[in-house]
Amino acid sequence: PVFNQAAQVWNHTFFWESMKPNGGGAPTGKVADAINRDFGSYENFAVEFKNAGATQFGSGWAWLLSDKSGKLTITKTPNAANPITDGKTPILTMDVWEHA
Numbered sequence: 001p002v003f004n005q006a007a008q009v010w011n012h013t014f015f016w017e018s019m020k021p022n023g024g025g026a027p028t029g030k031v032a033d034a035i036n037r038d039f040g041s042y043e044n045f046a047v048e049f050k051n052a053g054a055t056q057f058g059s060g061w062a063w064l065l066s067d068k069s070g071k072l073t074i075t076k077t078p079n080a081a082n083p084i085t086d087g088k089t090p091i092l093t094m095d096v097w098e099h100a
């Protein structure tokens with residue numbers, strides 16, 4: 001239970017701190033370069049990221065992650081699971097809880 005509570009606090013804090021007024025849209029700079037390199041385009045990334053969220057049954061998260069080499073991947077996790085426990089670095093997350 002302690003892990004679930006702590007992980008949900010971390011996940012939600014990361015989620016909310018990823019936003020800013022008038023934000024959104026395609027990234028620029030190094031993140032854009034990495035997305036283009038690993039997904040082919042921002043549009044391909046967006047489709048895959050949305051699909052990860054749409055196919056997460058029940059409570060969970062969709063994640064854009066970086067591994068130690070800098071390669072970006074997309075995954076989804078249930079409930080309070082967090083990819084940091086697998087050695088991945090979160091870049092972006094989407095709350096896909098049933099109430100979101």
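Numbering (this note's numbering), first residue to last: 1 to 100. Glycine included, each C-beta is placed from N, C-alpha and C at the ideal position.
CB contact flag (residue i, residue j, <9 angstroms)
i, j, result
"Thr-73", "Trp-61", "no"
"Gln-5", "Ala-81", "no"
"Ser-66", "Lys-88", "yes"
"Phe-14", "Pro-90", "yes"
"Ile-84", "Trp-16", "no"
Local Cβ density within 10 Å of residue i, reported as buried at 16 or more and exposed below that
i, result
"Ala-52", "buried"
"Phe-39", "buried"
"Val-96", "buried"
Backbone CA spacing between residue i and residue j [nearest angstrom]
i, j, result
"Ala-32", "Ser-41", "9 angstroms"
"Ala-7", "Pro-21", "26 angstroms"
"Gln-56", "Val-47", "14 angstroms"
"Gly-24", "Lys-30", "16 angstroms"
Per DSSP, the bridge partner or partners of residue i
i, result
"Met-94", "Ala-62"
"Lys-76", "Ala-62"
"Thr-89", "Ser-66"
Beta-carbon contacts of residue i that lie in its chain and below 6 angstroms, excluding the five residues immediately before and after
i, result
"Ala-34", "Leu-72"
Contacts around residue i, its chain only, beta-carbon distance under 8 angstroms, and the 5 residues preceding and following it disregarded
i, result
"Phe-49", "Ala-62, Leu-64, Ile-74, Leu-92, Met-94"
"Asn-36", "Tyr-42"
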